[in-house]
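**Student:**
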Amino acid sequence: MTVRKKIRIGELLVQHGIISEEQLHLALAEQKRTGSKLGHTLVELGYLSLTGFLKFLGQQLQIPFIDLRHYQYKSETVRLLPEIYARRFRALVLAEERDGLLVGMADPTDIFAFDELRRILKRPVKLAVVGEDELLDIVDRIYRRTDEIIHIAGELSEELGEGGIDLESLLSGSDVEDAPVVRLLHTLFEDAVQVGASDIHIEPDETVLRIRQRIDGLLHEQVMKEKRIGAALVSRLKLMSGLDISERRLPQDGRFNIRVRGRSIDIRLSTMPLQYGESVVMRLLDQSGGLLSLEQIGMPDTMLQRFRTLVQRPHGLVLVTGPTGSGKTTTLYGALNTLNDAGKKIITVEDPVEYRLPRINQVQVQHRIDLSFARILRAALRQDPDIVMVGEMRDQETAQIGLRAAMTGHLVLSTLHTNDAISTALRLLDMGAEGFVVGSSLLAILAQRLVRRICESCVEDDPLDAGQRSWLAAMVGPQSLGQRFRRGAGCPRCHNTGYHGRIGVFELLRIDTPLADALRRSDSAGFARLARCQPGFVGLSMAAYDYACQGITSMEEVLRVSGQLEDLDPVAGDPAGYVLNEDGEHAPVPIPGT
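Numbering (the numbering used here), first residue to last: -9 to 584.
Here it is, written out as structure tokens:
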């Protein structure tokens, strides 16, 4: 391939009528101010789309444009180019061809980078133009720190020796930053941040040490033979968290902050004694990215407007419900961000405080000194608050104080661990709250789940199995059997899971007068019946089904969400819980996967 001449892309865009002279001059001025590349500046100013710009660039250079979101690549092929050069030159080896290597570049006009790539790869190079964000996303996934972790783990195991050494001297020496245990932990955190893991699990077994990372809700495991290093890792993490390094018999909780890849990461840590040592689970909270606003959490527009109106009310109780890891805290913080202004006094009661918010008075629960949810909440109400956020209503006392605060002129936001919106209100009654208090205080309940998005790089049609077809016929109706669904086949981009990223599924139940009257009577059955008939109410399973119809998620994910719910009513005309079998007789709805 011959060396390319530098092209003036701005002038070419004007010549082809894609942008105007005025837009080019404005973009060049903005480029001079920011130092960004012209293409990025034009896209940021909204003069053309990124895909349109890359396609035009490829046409002018007579090279193909490749959309990496839909491109099937092999990890071993990408690794032909060392990571340092892939990041420096924004380049990716996409395929080995008969006459050379196909290399994708974010800026194929960079002649110096092109010459360096030919020198490093020692093969003829054919260029393609690709998007920079997608390229860096692949680089983060392919160039994992797995080999480095194994190497440092072996180094640490050798340093510990057969009989072990004094851990305190190992962890507090003058050269602590160079100690293998510190380098191993840094590499673990760097790898986790690179692949977008939400949690790190360190689990000692009888003969091995397991390190698992939760990515998009699914754990990915790495097994190490150096089991002895587990104690050193746990001890170092305890020191970083300010915990008791000598206490190995009782669970402990702590937190610390680190900087990884230029980002501030808050680590929540929990230890627990096991049969073969201590287990550590760490939740990674990226503080540098800022909090998500309500508009960013993925709630449908109509529901978002209703929810925003509800949290603007001067008093009442708004509950967000769902299992652990369903995004409840993100939603609550999004609501607090919306409400946070100089004219309102906001107090939160949390265990633990996950994100630090300006102007908001955040209180951490401390069980060791009997500083409980209920105790803090009683004190908070004497601090003249307008809005109170309770991290979780765990017991009857906290629930009753929160409900009465909502009745007496405060807006109260909180969470409950229940399956759906309908069962949440009934759970308050089960906790001993009086029906008239619940009916008078409760404004709305938002239930939510996170479902995995189908990976766009390996998407394919999904031929439903018999269990899925039976579920559709029972829950949606026979007409749904003609709907086209998709799934992910699995590829390196999604770690062969078929999914990449997650999206929220929501159901919002507003407590209107008929529902409030049912709660005052403690009429559970009547409340559930009225809630399902409320205009505009869409259950979680149907919300997930809508995403499947749009090709965002798979029927597998819809059934996973639906399997956790208790409000699954078949379509009208079939007895509850039954579907027509092949003989035209009613049979129980089959449970998928059984």
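Where is the CB? At the ideal position from N, CA and C, for every residue including glycine. Everything numeric in this text was worked out from a predicted model, so none of it was measured.
#1: Considering only their Cβ atoms, is the gap separating Gln458 from Met545 smaller than 8 Å?
#2: Provide the residue(s) that pair with Val270 in DSSP beta bridges, ordered along the chain.
#3: Buried or exposed for Gly153, going by 16 or more other Cβ atoms inside 10 Å?
#4: Using a Cβ distance threshold of 8 Å, determine whether the region 380 to 396 contacts the region 409 to 429, with at least three qualifying pairs required.
#5: Quickly, what does DSSP pair Ala437 with across the bridge? List them, please.
#6: Alpha carbon to alpha carbon, how far is Ser404 from Gly317? Give it in angstroms, no decimals.
#7: Run the proximity test for Ala85: is its beta-carbon closer than 7 Å to any non-hydrogen atom belonging to the ligand ATP?
#8: Taking the Cβ atom as the reference point for each residue, do Gln491 and Gly315 lie within a distance shorter than 8 Å?
#9: Sort Arg417, Ile377 and Leu284 by Cα distance to Arg384 and report the nearest one.
#10: For Arg273, I'd like the list of residues in its chain whose CB is within less than 6 Å of its CB, leaving aside the five on either flank, ordered along the chain.
#11: Below 8 Å on the Cβ atoms is my guess for Ile435 versus Thr328; work out the distance and round it to an integer in Å.
#12: Can you grab the Cα-Cα spacing for the pair Lys215 / Thr197, in whole Å?
#13: Give the DSSP-derived three-state secondary structure of Gln507 in the structure shown.
#14: Would you list the residues sitting across from Ala118 in a DSSP beta bridge?
#15: If you drop the 5 nearest sequence neighbours on each side, which residues of the same chain put their C-beta closer than 7 Å to that of Val271?
#16: Buried or exposed, going by whether 16 or more other CB atoms sit within 10 Å of the CB of Gln52?
#17: Nearest-angstrom Cα distance between Leu91 and Gln49?
#18: Taking the beta strand (DSSP E) that Ser404 belongs to, which residues open and close that run?
#19: Rounding to the nearest angstrom, what Cα-Cα distance links Gly324 and Leu281 in this structure?
#20: By DSSP, does Asp341 sit in helix, in strand, or in coil?
#21: Tell me whether Phe246 sits in a helix, a strand or coil according to DSSP, three-state version.
#22: Taking the continuous alpha helix (DSSP H) assigned at Gln540, which residues delimit it?
#23: So what does DSSP say about Ala81, is it helix, strand or coil?
#24: Rounded to the nearest angstrom, how far is the Cβ of Leu233 from that of Gly220, given a contact under 8 Å?
#25: Mind checking Gly121: buried by the 16 CB within 10 Å criterion, or exposed?
#26: Compare the beta carbon distance of His400 and Ile366 with 8 Å and say whether it is the shorter of the two.
**Tutor:** By the coordinates alone:
#1: yes
#2: Ile192 and Thr261
#3: For Gly153, the predicted model reports a pLDDT of 48, less than 50, meaning its position is unreliable and no value from the coordinates is stated.
#4: yes
#5: Thr311 and Glu497
#6: 13 Å
#7: Questions concerning the ligand ATP fall outside what the structure shown contains, since it holds no ligand whatsoever.
#8: It should be noted that the sequence gives Gly, not Gln, for residue 491. Taking 8 Å as the Cβ cut-off, Gly491 and Gly315 do not qualify as a contacting pair.
#9: Arg417
#10: Asp189 and Arg258
#11: Rounded, the Cβ-Cβ distance is 18 Å, inconsistent with contact.
#12: 7 Å
#13: In the sequence as displayed, the identity of residue 507 is Asp instead of Gln. Note: Asp507 maps to helix in three-state DSSP.
#14: Gly94
#15: Asp189, His191 and Ser260
#16: exposed
#17: 20 Å
#18: Leu401 to Leu406
#19: 7 Å
#20: coil
#21: strand
#22: Element bounds for Gln540: n/a, residue is neither H nor E.
#23: strand
#24: Not really, about 16 Å apart at Cβ, beyond 8 Å.
#25: buried
#26: no
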